[in-house]
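In the order they appear, the protein sequences are chains A and B.
Each residue of the first sequence is one higher than the one before, counting from -5 in the working numbering.
Each residue of the second sequence is one higher than the one before, counting from -5 in the working numbering.
Glycine residues also receive a C-beta, built at the ideal position from the N, C-alpha and C atoms.
What follows is one structure encoded as C-alpha cells, with my remarks underneath.
2 protein chains.
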Amino acid sequence: MVSFSDPFRLEIIDLMMDGEVCVCDIMKLTKLSQSRISYHIKILKEASLISDRQEGRWVYYSLNKEALFLIKEWITSLTDYSSNKKRCCE
Amino acid sequence: MVSFSDPFRLEIIDLMMDGEVCVCDIMKLTKLSQSRISYHIKILKEASLISDRQEGRWVYYSLNKEALFLIKEWITSLTDYSSNKKRCCE
DNA sequence: TTGATACATCAAAATATTTTGATGTATAAT
DNA sequence: ATTATACATCAAAATATTTTGATGTATCAA
C-alpha cells in the first residue's frame, strides 16, 4: 500500500495496464533514467505489486493481480464494516 | 493514493472502519500525539479520503466511501484492461 | 469571565525517501 | 575474446515527509 506513494510509481503501474513492459519500454515512455526506474521497480516488487519474467537480456514486468485484488478486498472491508455499524440488531 | 503511504495513516483509516472517531479517540487508541494525529488527518482530508463533522468541541472523522470506491475502480481498470490483452479478436 | 478541553497550525529538527552518476553483472551479438 | 545492451546496485547528495513542542482558536463548563 505504502508503495503506491510515489507519482512515478503510479505512472509505471499505469504503463503496466497494457501488459508486460521492460525497463527499456518505461525509459522510452517516461524519460526517467534507468537507475531511477530500477529503484521504483524494486519497491513495487518488494510490495509484491508486480511480477517479473526474464527473457534473455530483458526483464518483463507486469501487474500482480492477486496483490491488487487483496487491496481491493481490504478497501471493501473498510467500507462494508462501517456500513454494518449503521444497521443494528444482528 | 499517495496519502495511503504512511503506516500511521493506515492505522487511523483502520480505526475509522468502526465508524466515526474524533482525534481524542485516536489518541486513546494509538498513543500518538495530538498534533501528529492532526497532521495525518489533514493529509487524509486533503486526499478526500475522510470527511469531518463538527459537534461542539469535537470533530468526528469518517471514511469517505465514494473516494474509496473510486480507488477500487481504478484498481479494477488496471487488472481488467490487462486481462483483455490476453484475449483477442473482439 | 475564567479556566479547561478539543483540535488546528506553525517552525524547526529529525528522519525517510528519492535522485544521480558510477560501477557491477549477465546475456548476447560480432 | 571483445564489445554492446539491459538491468541491478551502490553511496552520496538532494529533496520530501514526519515529528515535536509551542502557540492559536473555538467551544463549553463553572
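For a test of the three-state rule: what should DSSP assign to residue i, helix, strand or coil?
i: residue 14 of chain B; result: coil
i: residue 51 of chain B; result: coil
i: residue 42 of chain B; result: coil
i: residue 23 of chain A; result: helix
i: residue 86 of chain A; result: Limits of chain A in this structure are -5 at one end and 84 at the other, which puts residue 86 of chain A out of reach.
i: residue 80 of chain A; result: Below a pLDDT of 50, predicted positions are generally treated as unreliable, and residue 80 of chain A, at 40, falls in that range; the measurement from the model is reported next regardless. Note: residue 80 of chain A maps to helix in three-state DSSP.
Please list, in chain order, the chain B residues whose beta carbon lies closer than 8 angstroms to that of residue i.
i: residue 39 of chain A; result: Simply none; closest approach about 16 angstroms.
i: residue 73 of chain A; result: 57, 59, 62 and 63
i: residue 66 of chain A; result: 66, 69 and 70
i: residue 7 of chain A; result: 72
Distance check for residue j and residue i, CA to CA, integer angstroms please.
i: residue 49 of chain B; j: residue 21 of chain A; result: 52 angstroms
i: residue 18 of chain B; j: residue -3 of chain A; result: 29 angstroms
i: residue 46 of chain A; j: residue 47 of chain B; result: 45 angstroms
i: residue 38 of chain A; j: residue 4 of chain B; result: 18 angstroms
i: residue 55 of chain B; j: residue 43 of chain B; result: 10 angstroms
i: residue 0 of chain B; j: residue 41 of chain A; result: 14 angstroms
i: residue 24 of chain A; j: residue 68 of chain B; result: 20 angstroms
i: residue -5 of chain B; j: residue 57 of chain A; result: 17 angstroms
i: residue 52 of chain A; j: residue 2 of chain A; result: 21 angstroms
For a contact meaning CB atoms closer than 9 angstroms, what does residue i contact in chain B?
i: residue -4 of chain A; result: -2, -1, 0, 1 and 4
Rounded C-beta distance between residue i and residue j? I'm assuming under 8 angstroms.
i: residue 36 of chain B; j: residue 66 of chain A; result: Not confirmed; about 26 angstroms, so no contact.
Q. Is the region 19 to 32 of chain B touching the region 30 to 42 of chain A in the sense that three or more CB pairs, one from each, lie closer than 8 angstroms?
A. no
Q: Check whether the region 54 to 70 of chain B touches the region 66 to 76 of chain A, counting contact only when three or more Cβ pairs, one atom from each stretch, lie closer than 8 angstroms.
A: yes
Q.
Contact between the region 3 to 17 of chain A and the region 7 to 21 of chain B is defined here as three or more beta-carbon pairs at a separation below 8 angstroms; is this criterion met?
A. no
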